[in-house]
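Heads up, the thing below is written out as structure tokens.
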Amino acid sequence: MTKYITSLIICLSFQLFSQAQSQLSATIIGSGSPKYNVERAGPSVLISYENTHILIDMGNGTQANLEKLNIKNKDLNGLLFTHHHLDHNEEFTPLFIKTLLSGNHFDIVGPKPTTDLVNTILKNYEEDIAYRLSKKQRTFSDVETHFTINELKGGETFNIGDIKITSTPVNHTISTLAYRFDAGGTSIVISGDLSYSETLAPLAKQADYLIIDSGGSIELGKTNRRKASNKIRTNKEFAHVNLYESSLMAKEAEVKNLVLTHFNFTNVDEDATSAELHKNYSGTIFYAEDLMSFPKNSKNQKNTVKPNKADNTNQQAPNFKKMLSRMDTNKDGKISKTEAKGRLKENFDKRDGNKDGFIAETEFSRSNP
Ligand SMILES: [Zn+2]
Numbered sequence: 261m262t263k264y265i266t267s268l269i270i271c272l273s274f275q276l277f278s279q280a281q282s283q284l285s286a287t288i289i290g291s292g293s294p295k296y297n298v299e300r301a302g303p304s305v306l307i308s309y310e311n312t313h314i315l316i317d318m319g320n321g322t323q324a325n326l327e328k329l330n331i332k333n334k335d336l337n338g339l340l341f342t343h344h345h346l347d348h349n350e351e352f353t354p355l356f357i358k359t360l361l362s363g364n365h366f367d368i369v370g371p372k373p374t375t376d377l378v379n380t381i382l383k384n385y386e387e388d389i390a391y392r393l394s395k396k397q398r399t400f401s402d403v404e405t406h407f408t409i410n411e412l413k414g415g416e417t418f419n420i421g422d423i424k425i426t427s428t429p430v431n432h433t434i435s436t437l438a439y440r441f442d443a444g445g446t447s448i449v450i451s452g453d454l455s456y457s458e459t460l461a462p463l464a465k466q467a468d469y470l471i472i473d474s475g476g477s478i479e480l481g482k483t484n485r486r487k488a489s490n491k492i493r494t495n496k497e498f499a500h501v502n503l504y505e506s507s508l509m510a511k512e513a514e515v516k517n518l519v520l521t522h523f524n525f526t527n528v529d530e531d532a533t534s535a536e537l538h539k540n541y542s543g544t545i546f547y548a549e550d551l552m553s554f555p556k557n558s559k560n561q562k563n564t565v566k567p568n569k570a571d572n573t574n575q576q577a578p579n580f581k582k583m584l585s586r587m588d589t590n591k592d593g594k595i596s597k598t599e600a601k602g603r604l605k606e607n608f609d610k611r612d613g614n615k616d617g618f619i620a621e622t623e624f625s626r627s628n629p
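In case it helps, our numbering puts the sequence shown at residues 261 to 629.
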């Protein structure tokens, strides 16, 4: 009986995920960075449309989070790389081999050295792959035509299933691509890691969502030490954008929604970060967390912050729960003046509406002082 209920739940959850994919969607599989973080898997995004699923980058923890969505190796139709820094391809080896063993047909796409990487893996795991295939009376020749390798320079357009994909090169420390996905009237762009790139805005023109490198974002409880200057840094040595540069690219591209990802800390000061971004960009800003899905009406919806478009100075409050987890040291569910940090401490008296010396959730959700 328990077995039956378990399989029913699994079946239902898969159906729910499948049903939600009649619109092109992006699910953040990992919102983290090279720094290991149990709350943020390494960079990875799942693009889904109807029965097509494409994984873009495969950082640490990708497989664990795909499992939570009940996405199996046989469901994957594309394994794409923005670039080959380790934090973006750490879990490619197991994902590639398991997808190959699943018998599914899939495309591997990325900048150099994608072909070399695949060939090295095949060489090193030749015996292992042959052994696992033999258990089902198959040989490598049965699966070798099941995948293609497409090494790009940027500027190419191709399709996986009914999803149209366009690539462009962007500035980072090694060959890096940004991708645009179009299907059923929805468009989603993934910037990859980048410093300011003139190529991004044309690719992302009027896209519904631009998922972008969160470079320069401000950590909750910390002051913004790396204040964004109002100048684009042309020095190629910069690996990542600052908030001025990302807001400028989002503005130039006229994207409707900006999703920041690739965080090297857990809690983002959404107030302070949005304030910087809204100096240039007037659309909606989201802060990626693992398993968050876009468009926001699709499955796996999580709490996010919607800025007030009419008044850029009126930023929304960051999630109270996050504040509590960081500052409420005596766990009484409210924040005292001694517990408060950063901007909350500075604005404490204005926030504390009933002057009881504590900030409770009701006071916190009022508009900012
Ligand atoms: Zn990188």
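Ideal placement from N, C-alpha and C gives every residue a C-beta, glycine not left out.
Looking at the unbroken alpha helix (DSSP H) that takes in residue i, where does it start and where does it end?
{"i": "Lys-681", "result": "It is not possible to answer for residue 681, since the shown part of the chain is limited to 261 through 629."}
{"i": "Val-378", "result": "374-384"}
{"i": "Ala-461", "result": "460-464"}
{"i": "Asp-422", "result": "Run containing Asp-422: none; DSSP gives neither H nor E here."}
{"i": "Ala-620", "result": "No alpha helix (DSSP H) contains Ala-620, which DSSP labels as neither H nor E."}
Count the other CB atoms, across all protein chains shown, that sit within 10 Å of the CB of residue i; report buried if there are 16 or more and exposed otherwise.
{"i": "Pro-429", "result": "buried"}
{"i": "His-365", "result": "exposed"}
{"i": "Tyr-296", "result": "exposed"}
{"i": "Asn-517", "result": "buried"}
{"i": "Val-650", "result": "Because the chain in this structure spans residues 261 to 629, residue 650 falls outside the shown range and cannot be described."}
{"i": "Gly-613", "result": "exposed"}
{"i": "Gly-445", "result": "exposed"}
{"i": "Ala-600", "result": "buried"}
{"i": "Lys-594", "result": "buried"}
{"i": "Val-298", "result": "exposed"}
{"i": "Asn-324", "result": "Correcting the residue type first, residue 324 is Ala in the shown sequence and not Asn. Exposed: under 16 other Cβ atoms inside 10 Å."}
Note down the Cα distance separating residue i from residue j, rounded to an integer number of angstroms.
{"i": "Thr-433", "j": "Leu-326", "result": "29 Å"}
{"i": "Gln-466", "j": "Leu-377", "result": "34 Å"}
{"i": "Val-501", "j": "Ser-451", "result": "11 Å"}
{"i": "Ala-535", "j": "Asn-320", "result": "31 Å"}
{"i": "Asn-574", "j": "Val-515", "result": "Its pLDDT being 31, under 50, Asn-574 is placed unreliably in this model, and the coordinates cannot settle the point."}
{"i": "Glu-387", "j": "Phe-400", "result": "10 Å"}
{"i": "Ile-269", "j": "Leu-329", "result": "The predicted position of Ile-269 is uncertain, since its pLDDT is 48 and thus under 50; no value can be drawn from it."}
{"i": "Ile-619", "j": "Asn-590", "result": "14 Å"}
{"i": "Lys-334", "j": "Asp-473", "result": "29 Å"}
{"i": "Ala-301", "j": "Ile-307", "result": "17 Å"}
{"i": "Val-528", "j": "Tyr-547", "result": "8 Å"}
{"i": "Ser-447", "j": "Asp-468", "result": "5 Å"}
{"i": "Ser-285", "j": "Asp-609", "result": "42 Å"}
{"i": "Arg-392", "j": "Asp-367", "result": "21 Å"}
{"i": "Glu-621", "j": "His-348", "result": "37 Å"}
{"i": "Ile-425", "j": "Arg-611", "result": "47 Å"}
{"i": "Asp-640", "j": "Phe-554", "result": "With the chain covering 261 to 629 only, the question about residue 640 has no answer from this structure."}
In terms of alpha-carbon separation, which member of the options lies closest to residue i?
{"i": "Lys-358", "options": "Ala-438, Gly-543, Asn-337", "result": "Asn-337"}
{"i": "His-345", "options": "Asp-612, Ile-381, Ala-499", "result": "Ala-499"}
{"i": "Gly-475", "options": "Ile-492, Tyr-469, Ser-506, Tyr-547", "result": "Ser-506"}
{"i": "Thr-521", "options": "Gln-283, Ser-282, Ser-285, Ser-304", "result": "Ser-304"}
{"i": "Pro-373", "options": "Leu-339, Leu-393, Lys-482, Leu-412", "result": "Leu-412"}
{"i": "Pro-371", "options": "Met-583, Phe-341, Arg-392, Ser-362", "result": "Phe-341"}
{"i": "Thr-459", "options": "Ser-291, Thr-436, Glu-530, His-313", "result": "Thr-436"}
{"i": "His-343", "options": "Lys-332, Val-369, Leu-360, Thr-322", "result": "Val-369"}
How is the beta strand (DSSP E) around residue i delimited, first residue to last?
{"i": "Pro-354", "result": "Counting along the chain, Pro-354 falls outside any beta strand (DSSP E), though it belongs to the alpha helix (DSSP H) covering 352-361."}
{"i": "Thr-312", "result": "312-316"}
{"i": "Ser-285", "result": "285-290"}
{"i": "Glu-327", "result": "Careful: Glu-327 lies outside any beta strand (DSSP E), inside the alpha helix (DSSP H) at 322-328."}
{"i": "Leu-339", "result": "336-340"}
{"i": "Val-403", "result": "Run containing Val-403: none in the beta strand (DSSP E); it sits in the alpha helix (DSSP H), 400-403."}
Comparing the C-beta of residue i with each C-beta of chain B, is any distance below 8 Å?
{"i": "Glu-350", "result": "No chain B is present in this structure, which holds just one protein chain."}
- Is the region 379-394 close to the region 347-361, with three or more CB pairs under 8 Å? Here the region 379-394 lies against the region 347-361, with 3 or more beta-carbon pairs under 8 Å apart.
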